[in-house]
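Reviewing the structure listed below.
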Amino acid sequence: MSLAKRFFLFLKPFLFGLIFLISCQLMAQTKDELEAQREDLQREIRQINDLLIKTKTNEKSALSQIADLDKQISVRTKLINTYDKELNLLSNDLSQNQRKFNSLLKSLEVLKADYAKMILKAYKNKTAENRMLFLLSAKDFTQAYNRLKYMQQYTDYRKHQGLEIVKQSIILKQFNDTLKVKKGEKKVLLTEAQKEQDRIKNEREDRKVLANKIKKQGRKYLADIRKKQKEENALNLKIENLIKEAISKTNVKGDKGSKLAEFRLTPEAKALAAEFVSNQGKLPWPIEKGLIVLGYGTQPHPVVKSATIQSNGIRIATEKGSKARAVFNGVVLAVQVIPGGQKAVLIQHGNYISVYKNLDQVLVEKGEKVTTKQAIGVIHTDNLSGQTILAFVLFKEVKTIDPELWIKK
Numbered sequence: 001m002s003l004a005k006r007f008f009l010f011l012k013p014f015l016f017g018l019i020f021l022i023s024c025q026l027m028a029q030t031k032d033e034l035e036a037q038r039e040d041l042q043r044e045i046r047q048i049n050d051l052l053i054k055t056k057t058n059e060k061s062a063l064s065q066i067a068d069l070d071k072q073i074s075v076r077t078k079l080i081n082t083y084d085k086e087l088n089l090l091s092n093d094l095s096q097n098q099r100k101f102n103s104l105l106k107s108l109e110v111l112k113a114d115y116a117k118m119i120l121k122a123y124k125n126k127t128a129e130n131r132m133l134f135l136l137s138a139k140d141f142t143q144a145y146n147r148l149k150y151m152q153q154y155t156d157y158r159k160h161q162g163l164e165i166v167k168q169s170i171i172l173k174q175f176n177d178t179l180k181v182k183k184g185e186k187k188v189l190l191t192e193a194q195k196e197q198d199r200i201k202n203e204r205e206d207r208k209v210l211a212n213k214i215k216k217q218g219r220k221y222l223a224d225i226r227k228k229q230k231e232e233n234a235l236n237l238k239i240e241n242l243i244k245e246a247i248s249k250t251n252v253k254g255d256k257g258s259k260l261a262e263f264r265l266t267p268e269a270k271a272l273a274a275e276f277v278s279n280q281g282k283l284p285w286p287i288e289k290g291l292i293v294l295g296y297g298t299q300p301h302p303v304v305k306s307a308t309i310q311s312n313g314i315r316i317a318t319e320k321g322s323k324a325r326a327v328f329n330g331v332v333l334a335v336q337v338i339p340g341g342q343k344a345v346l347i348q349h350g351n352y353i354s355v356y357k358n359l360d361q362v363l364v365e366k367g368e369k370v371t372t373k374q375a376i377g378v379i380h381t382d383n384l385s386g387q388t389i390l391a392f393v394l395f396k397e398v399k400t401i402d403p404e405l406w407i408k409k
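The working numbering numbers the first residue of the sequence shown as 1 and each following residue consecutively.
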């Protein structure tokens, strides 16, 4: 075997070890991200189950049940996709490690074969007489000296080669152990992914049954949806009028030609508004723990296709007895009683207004200064559905803005 080839075989274990460590670190980053995503989705599914699905009662409408199932199915679909990504990543990782393992195994076999030849050669020339004859047969002193150095280097190399075989065997075992672990991880992921597939199949069957029930009474459900939307629009109009009234009290209109009036802000209020804006995307949630069940904006109804939902804020499901809390420092602009006996609290943050609807008990008064995360009211729990849902709205002057863009992700 040539010296260059032997040198490569000497370095090969270290090169593979280095590649193995680097690839593991790079893979771990992506793997860790996927694991974190999977855990977040699993946590969200538990929340849906605790806050929505478990509240199922005989009186709970089919529409509400379908909305809950849709939320669960949506998150579970994302979870299954995450499992697929993890499995693909793991399969690629396994393939790479298997190729490295096979290459190392081949390299080790070559090293062992070379070592065996060296041992055999050394055995044949092991006697002192043979070594002495080899030295004495030199043409001159220089050649004899070189032969002596060669014999010493050969002995050292043989010892070193033995050590390299041991080292490479250890690296090979590490690769083999890693393969076993990853194969075990893949088996677990496959099992979990299959369980999620079975669950989503059952949920879709339940949804189909409920959808057929609604289809038979389509007109009734459409009328109910439109009635609730009309009540919601009336409440939204009242809140907008309250804000307009507050603006008018500042006795200033907007810029010339503008249709909307604006708050005349004191220096303190301007500073508060600027601070509020600087916290966009970082505001705390209006409840300690919850799950968004309805987003912002006009959207088609998930079941009754001829109906639309006009949402000027977001709705967040939470635990029974939970309290709404201020998302930022401000002043209570108004406390509004809404149809059904519940209440809404409006908090002013300069020229921004945060609104908290569906409260049973209000813990603040008009004109009171509040601080970030201060409890402002107890959220109402519906007797029929068993759900506790806070409606949260954000205004800039009299125009609504998407709250999800302002609160923490």
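Glycine included, C-beta positions come from ideal geometry on N, C-alpha and C. Note that the structure is a prediction, hence the values are computed from the model and not measured.
Taking C-alpha positions only, alanine 324 is separated from leucine 291 by approximately 13 Å.
Distance from the CA of leucine 104 to the CA of asparagine 92, rounded to the nearest whole angstrom, comes to 18 Å.
Around the Cβ of isoleucine 376, a 10 Å sphere holds 16 or more other Cβ atoms; the residue is buried.
By the neighbour-count criterion, in which a residue is buried when 16 or more other Cβ atoms sit within 10 angstroms of its Cβ, lysine 100 is buried. Take the alpha-carbon of asparagine 241 and the one of lysine 399: they are about 12 Å apart.
Separation of leucine 294 and valine 345 (C-alpha to C-alpha, rounded to the nearest whole angstrom) is 20 Å. In the displayed model, threonine 250 falls within coil according to three-state DSSP, outside both helix and strand. Across the structure, asparagine 351 and glutamate 262 are spaced so that their CA atoms are roughly 8 Å apart. Taking the CA atoms as reference points, leucine 235 sits about 7 Å from isoleucine 338. Between alanine 317 and proline 286, the C-beta gap is not smaller than 9 Å, which leaves the two residues out of contact. For valine 355, the uninterrupted beta strand (DSSP E) run begins and ends at 352 to 362, by DSSP. When secondary structure is reduced to three states using DSSP, arginine 264 falls in the coil class, being assigned neither helix nor strand. With respect to the C-alpha of isoleucine 309, the residue from Lys228, Lys366, Lys139 and Glu192 having the closest C-alpha is Lys228.
In this structure, arginine 315 keeps its C-beta atom at 9 Å or more from the C-beta atom of isoleucine 225. For isoleucine 376, the uninterrupted beta strand (DSSP E) segment begins and ends at 375 to 379. Residue environment for serine 311: buried (at least 16 other C-beta atoms within 10 angstroms of its C-beta). Taking all protein chains in view, the Cβ of lysine 343 is crowded by 16 or more other Cβ atoms within 10 Å, so the residue is classified as buried. Distance from the CA atom of arginine 204 to the CA atom of glutamine 65, rounded to whole angstroms, is 12 Å.
In terms of Cβ geometry, serine 322 and isoleucine 407 do not form a close pair [threshold 9 Å]. Annotation: the continuous beta strand (DSSP E) that includes histidine 349 extends over 343 to 349. Residue pairing by DSSP puts lysine 369 in a beta bridge opposite Val331.
Closest option to aspartate 50, judged by alpha-carbon separation, among Gln96, Glu35, Lys71 and Leu108: Lys71.
Judged by DSSP in its simplified three-state form, alanine 326 adopts coil rather than helix or strand.
For glycine 184, the secondary structure class from DSSP, reduced to helix, strand or coil, is helix. In this structure isoleucine 80 is in contact with glutamine 197, their Cβ atoms being roughly 7 Å apart against a cut-off of 8 Å. About 13 Å separates the CB atoms of proline 300 and alanine 67; that is not less than 8 Å, and the two are not in contact.
In this structure, asparagine 358 sits away from phenylalanine 328, with a CB-CB distance that is not shorter than 9 Å.
Where leucine 394 is concerned, the enclosing beta strand (DSSP E) starts and stops at 388 to 396.
For isoleucine 292, the uninterrupted beta strand (DSSP E) segment begins and ends at 291 to 294.
Between lysine 186 and leucine 94, the gap from beta carbon to beta carbon is short of 9 Å. Under the DSSP definition of a beta bridge, proline 300 partners with Thr308. In its chain, beyond the 5 residues on either side, Lys408 have a beta carbon closer than 7 Å to the beta carbon of lysine 282.
Leu333 is the residue among Leu333, Lys216 and Leu63 whose C-alpha sits nearest the C-alpha of glutamate 397. For lysine 399, the uninterrupted beta strand (DSSP E) segment begins and ends at 399 to 401.
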